[in-house]
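Note sheet for the following structure.
Numbering (the working numbering), first residue to last: 95 to 262.
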């Protein structure tokens with residue numbers, strides 16, 4: 095009789111500017127067994143449809159969503175499910191929130207840092223906006239404003255950081 099080895103669940107987190115490839119990577123990570131994806135863009139688009147007209151709206155609604163989701167994320171991880179958290183880990187405050195989930199759940203963690211140049215992200219963003227298939231769109235000006243708050247992760251934060259750069 096074969097014995098199964100319990101694998102400790104992992105909270106997969108994504109750090110990267112708008113259109114750096116976070117949602118694409120999250121879909122790849124979520125393809126693994128016993129792994130679910132929780133996408134901020136999808137939840138915000140459905141819960142706050144028509145209410146996200148300004149960056150301040152996003153900040154307000156995102157904070158509410160994080161508060162509501164934390165206990166659910168902890169429960170999923172404690173139940174043995176790995177979670178791909180497709181929320182931006184782009185500021186120290188957001189990463190501290192995520193660190194709290196890791197600590198409270200006892201899960202492993204992987205923080206994927208998508209290190210993509212602004213001009214590449216903007217080109218992808220324009221194409222994504224044109225296609226209209228993504229739950230989140232932004233102008234170049236909004237990209238610049240939101241990116242002004244971006245803080246790359248450091249090892250001192252205590253995450254298992256995986257740096258990902260696109261091919262040259």
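Note that the Cβ used here is the ideal one computed from N, Cα and C, for glycine as well.
Scanning the segment 142 to 227 for uninterrupted beta strand (DSSP E) segments of 3 residues or longer gives 176 to 182 and 202 to 208, listed from N- to C-terminal end. In this structure, residue 253 places its C-beta atom within 8 Å of the C-beta atom of residue 205.
Between residue 126 and residue 203, the alpha-carbon positions lie close to 15 Å from each other.
Judged by DSSP secondary structure, residue 240 falls within the alpha helix (DSSP H) whose first and last residues are 234 to 241. With a beta-carbon spacing of about 12 Å, residue 129 and residue 201 fall beyond the 8 Å limit used to define contacts.
Of all C-beta pairs linking the segment 162 to 172 to the segment 223 to 237, fewer than three are shorter than 8 Å, placing the two stretches out of contact.
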